[in-house]
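Chemist: Read top to bottom, the protein sequences are chains W and V. Here this note's numbering is used: the first residue of the first sequence is 1, the next is one more, and so on. Here this note's numbering is used: the first residue of the second sequence is 1, the next is one more, and so on.
Protein chains: 2
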Amino acid sequence: MYSEQGKYPIEVCISPLSWPLFQKEGAVVIVTDIFRATTSMVAAFQNRVKSIIPVAEVAESIAYKEKGYIVSGEREGKTLECAEFGNSPFNFMEPRLQGKTVVMNTTNGTQALKMVKDGNNLVGIGAFTNRDAICNWAMEQQRPIIIFCAGWKNRFSLEDTLFAGAAVQYILENGKGDFHTMCDSAISSADLWQLSQSNPRAYIEKAAHRHRLKKMGLDDILDYSMQLNTCQCVPVLKGEEIVDSKA
Amino acid sequence: MYSEQGKYPIEVCISPLSWPLFQKEGAVVIVTDIFRATTSMVAAFQNRVKSIIPVAEVAESIAYKEKGYIVSGEREGKTLECAEFGNSPFNFMEPRLQGKTVVMNTTNGTQALKMVKDGNNLVGIGAFTNRDAICNWAMEQQRPIIIFCAGWKNRFSLEDTLFAGAAVQYILENGKGDFHTMCDSAISSADLWQLSQSNPRAYIEKAAHRHRLKKMGLDDILDYSMQLNTCQCVPVLKGEEIVDSKA
């Protein structure tokens, strides 16, 4: 699994469309969808939910609800009729959710998780809020690392790319020389992070999705979502569920 | 064709894979493949070739050669058997090519040109060496502008993205307020250019393709390719051929 330089490669997949180009056999994949799926998942595990079941179809959410599960989800900023609450990270901070399984309906985030799932892969959930924790876990696996940006409708997304850069930088600086990159999108992401890290919240003002959120009145999450390392949980995919590998 | 803000949008397509996501009806598309197709095309028109016919298949090159055309092209750094010379920009600077048509065999570059060609589009050829000239032409058309990065085997490429950023910055600064961007890849590209513009040649040292070129002994073109505005030609697609719109 070692590359020719005797180090594990770090790569960044900047859009789901690019995923088929990657050598992902046995890799660690960190999936990110900053606004809002993965930031909300991290918030949920920080609040000690037991697990999250990510689903993409409304029919799936309804089926889980009928079995008695707590269901969250929204479309275009509106909470789904079958859901108790929407996908804001703030919704996942309620104490009553501790120890519970939540079925979370997301579009880009769930699609991303389905794409990267493979018998040989380890899949983690990354956000600015758990950057160090998820990267430390990824490095411990001693495998190639791919940061997978869920994007928005397959488009390149500034906030996801910025997180990828924050992860690349952290891994290169803390990987004890075990990791390297020859991936242009990893290099670019890290440079964009370098440029913005003194104030990522201000930098993200120009992101397209930030404007979409504002239009839908969902931009109350920006300050929270752009904070580094407020959470220490390490959500990972285990079968069909996401659990905290540190719990 | 005006966007909601009453300005023409500028977007960056960072990989051919993303092309289907773009609204390209009636747009100006600037295709770039810095190492080496578009830099060589610009060098050829600066040397006053009459036209370039871009082809992707070796069989096409052979057919043109049999008709008496001058044929250039290479695969993996080796000049094609049917070709007189390879794809280095230096090969296109010979005085004997002036006034002639050259059939140029490229892979990523030709594929890109075929993808973007559409009855409603105007297609120009961009490189660092003709940045201002091609951008001025693009702005004169008063249409939405898309910078199309040919990349390398559909991958994100640092040098093409950097050119895209250089073009976005120039258009926003010189477009007299007629242009704007809400495209995250355009914003990111422009920021990377901002970061590197004091010495793009040094910045590109870390690009993956730069290492590929070095391995093949083709990196003698780096200094030349990274220079801004050494050429004033404006190569554009006209039917199956590329011609200089200023000639």
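Beta carbons: idealized from backbone N, C-alpha and C, even for Gly. Here the structure is a predicted model, which means the values were calculated and not measured.
(1) Please list the residues of the stretch 187-198 of chain W that have a C-beta atom closer than 7 Å to any C-beta atom in chain V, keeping them in chain order.
(2) Closer than 8 Å, CB to CB, is V/H180 near chain W or not?
(3) In or out: V/A247 buried (at least 16 other Cβ within 10 Å) or exposed?
(4) Taking only beta-carbon positions, decide if V/S15 is within less than 8 Å of chain W.
(5) Looking at V/I204: is its Cβ nearer than 8 Å to the Cβ of V/I52?
(6) Determine, using beta carbons only, whether V/T107 comes closer than 8 Å to chain W.
(7) Using a beta-carbon distance cut-off of less than 7 Å, what residues from the stretch 149-171 of chain W approach chain V?
(8) Which of the residues in the stretch 195-224 of chain V, read from start to end, lie with their CB under 9 Å from any CB of chain W?
(9) Can you tell me whether V/F90 is buried or exposed? The criterion is at least 16 other CB atoms within 10 Å of its CB, across all chains shown.
(10) Alpha carbon to alpha carbon, how far is W/G165 from W/W137? Give it in angstroms, no decimals.
(11) What is the rounded straight-line gap between the Cα of V/L195 and the Cα of W/S188?
(12) Excluding five sequence neighbours on each side, which residues of the same chain lie with their C-beta closer than 8 Å to the C-beta of V/M1?
(13) Could you check where the alpha helix (DSSP H) with W/F163 kicks off and where it finishes?
(14) What ranges does the beta strand (DSSP E) occupy inside the stretch 92-126 of chain W, keeping only unbroken runs of at least 3 residues that lie completely in it?
(15) Look at the Cβ atom of W/V31, then the Cβ atom of W/V123, and state whether they are nearer than 8 Å.
(16) Are the C-beta of V/D184 and some C-beta of chain W separated by less than 8 Å?
(17) If we call anything under 8 Å between Cβ atoms a contact, is V/R131 one with V/N229?
(18) Less than 8 Å between the beta carbons of V/C233 and V/D244, yes or no?
(19) When the cut-off is 8 Å and only beta carbons count, does V/G177 lie next to chain W?
(20) Does the stretch 147-164 of chain W come within contact of the stretch 9-22 of chain W, defined as at least 3 CB pairs closer than 8 Å?
(21) At a Cβ threshold of 8 Å, is V/S18 touching chain W?
(22) Considering only C-alpha positions, which residue in the set W/V49, W/P200 and W/S157 is nearest to W/Y69?
(23) With a cut-off of 8 Å, do at least 3 Cβ pairs link the stretch 64-80 of chain W to the stretch 112-129 of chain W?
(24) State the beta-bridge partners of W/K238 as determined by DSSP.
(25) Could you tell me which residues DSSP pairs with W/F85 in its beta bridges?
(26) Using a beta-carbon distance below 8 Å, is V/F97 in contact with chain W?
(27) Taking C-beta pairs closer than 7 Å, name the residues in chain W that V/L248 reaches, listed in chain order.
(28) My assumption, with CB atoms under 8 Å, is that W/S225 sits in contact with W/I34. Please give the rounded CB distance.
(29) Between V/A186 and W/V55, what straight-line distance do the alpha-carbon atoms span, to the nearest angstrom?
(30) Compare the Cα-Cα distances from V/P200 to each of V/H180, V/L222, V/C183 and V/A208 and report the closest residue.
(31) If I measure Cβ to Cβ from W/N120 and keep anything under 6 Å in the same chain, skipping five residues before and after, which residues do I get?
(32) Do W/V42 and W/T129 have their beta-carbon atoms positioned less than 8 Å apart in this structure?
(33) Quick one: which unbroken alpha helix (DSSP H) runs of 4-plus residues sit fully inside the stretch 7-54 of chain V? Chain order, please.
(34) Who are W/F148's beta bridge partners in DSSP?
Modeler: The answer reads as follows:
(1) I187, S188, D191, L192 and L195
(2) Taking the first residue of the second sequence as position 1, residue 180 of chain V is located at position 180. With 8 Å as the cut-off, V/H180 does not count as an interface residue toward chain W.
(3) Taking the second sequence and counting its residues from 1, one reaches residue 247 of chain V at position 247. V/A247 comes out exposed.
(4) On the second sequence, position 15 is the one that residue 15 of chain V refers to. Chain W, which has a Cβ nearer than 8 Å to the Cβ of V/S15, makes this yes.
(5) As a working mapping, residue 204 of chain V is identified with position 204 in the second sequence. As a working mapping, residue 52 of chain V is identified with position 52 in the second sequence. Cβ atoms of V/I204 and V/I52: not closer than 8 Å.
(6) What you label residue 107 of chain V is simply residue 107 of the second sequence in a count that begins at 1. It does not; no Cβ of chain W falls within 8 Å.
(7) N154, R155, F156, S157, L158 and T161
(8) L195, S196, Y203, K206, A207, A208, H209 and H211
(9) One-based indexing of the second sequence puts residue 90 of chain V at position 90. Result: exposed.
(10) Here residue 137 of chain W is taken as the residue at index 137 of the first sequence, counted from 1. Here residue 165 of chain W is taken as the residue at index 165 of the first sequence, counted from 1. About 17 Å.
(11) Position 195 of the second sequence, counted from the start, is the residue given in the question as residue 195 of chain V. Position 188 of the first sequence, counted from the start, is the residue given in the question as residue 188 of chain W. Rounded to the nearest angstrom, the two C-alpha atoms are 11 Å apart.
(12) Looking up residue 1 of chain V in the second sequence gives position 1. Only weak support is given to the placement of V/M1: the predicted model assigns it a pLDDT of 36, under 50, and the question is left unresolved by the model.
(13) Within the first sequence, numbered from 1, the residue matching residue 163 of chain W stands at position 163. W/F163 -> alpha helix (DSSP H) spans L158 to N174.
(14) 101-105 and 122-126
(15) Looking up residue 31 of chain W in the first sequence gives position 31. Looking up residue 123 of chain W in the first sequence gives position 123. It is a contact, given that the beta carbons lie within the stated cut-off.
(16) Reading the second sequence from its first residue, position 184 is the one you call residue 184 of chain V. Yes - at least one Cβ of chain W is within 8 Å of the one on V/D184.
(17) What you label residue 131 of chain V is simply residue 131 of the second sequence in a count that begins at 1. What you label residue 229 of chain V is simply residue 229 of the second sequence in a count that begins at 1. A contact, by the Cβ cut-off of 8 Å.
(18) By 1-based counting over the second sequence, the position of residue 233 of chain V is 233. By 1-based counting over the second sequence, the position of residue 244 of chain V is 244. Yes; because the gap between Cβ atoms is below 8 Å, this pair is in contact.
(19) Counting from 1 along the second sequence, the entry for residue 177 of chain V is found at position 177. No, V/G177 does not count as interfacial toward chain W.
(20) yes
(21) On the second sequence, position 18 is the one that residue 18 of chain V refers to. Yes - at least one Cβ of chain W is within 8 Å of the one on V/S18.
(22) Counting from one through the first sequence, the residue named residue 69 of chain W turns up at place 69. Closest option to W/Y69, Cα to Cα, is W/V49.
(23) no
(24) Taking the first sequence and counting its residues from 1, one reaches residue 238 of chain W at position 238. W/E241, per the DSSP bridge assignment.
(25) Reading the first sequence from its first residue, position 85 is the one you call residue 85 of chain W. Paired residue(s): W/S72.
(26) Taking the first residue of the second sequence as position 1, residue 97 of chain V is located at position 97. It is Leu, not Phe, that sits at residue 97 of chain V in the sequence shown. With 8 Å as the cut-off, V/L97 does not count as an interface residue toward chain W.
(27) This structure cannot speak to residue 248 of chain V, because chain V is shown only from 1 to 247.
(28) As a position in the first sequence, residue 225 of chain W is number 225, starting the count at 1. As a position in the first sequence, residue 34 of chain W is number 34, starting the count at 1. Indeed, because the Cβ distance is near 6 Å, the residues count as touching under 8 Å.
(29) Locating residue 186 of chain V in the second sequence gives position 186, where the first residue counts as 1. Locating residue 55 of chain W in the first sequence gives position 55, where the first residue counts as 1. Rounded to the nearest angstrom, the two C-alpha atoms are 32 Å apart.
(30) Reading the second sequence from its first residue, position 200 is the one you call residue 200 of chain V. It is V/L222.
(31) Position 120 of the first sequence, counting from 1, holds the residue named residue 120 of chain W. Correct list, in chain order: E25 and G26.
(32) Here residue 129 of chain W refers to the residue found at position 129 of the first sequence. Here residue 42 of chain W refers to the residue found at position 42 of the first sequence. The answer is yes: Cβ separation under 8 Å.
(33) 37-46
(34) As a working note, residue 148 of chain W is residue 148 in the first sequence. Answer is W/C13 and W/V31.
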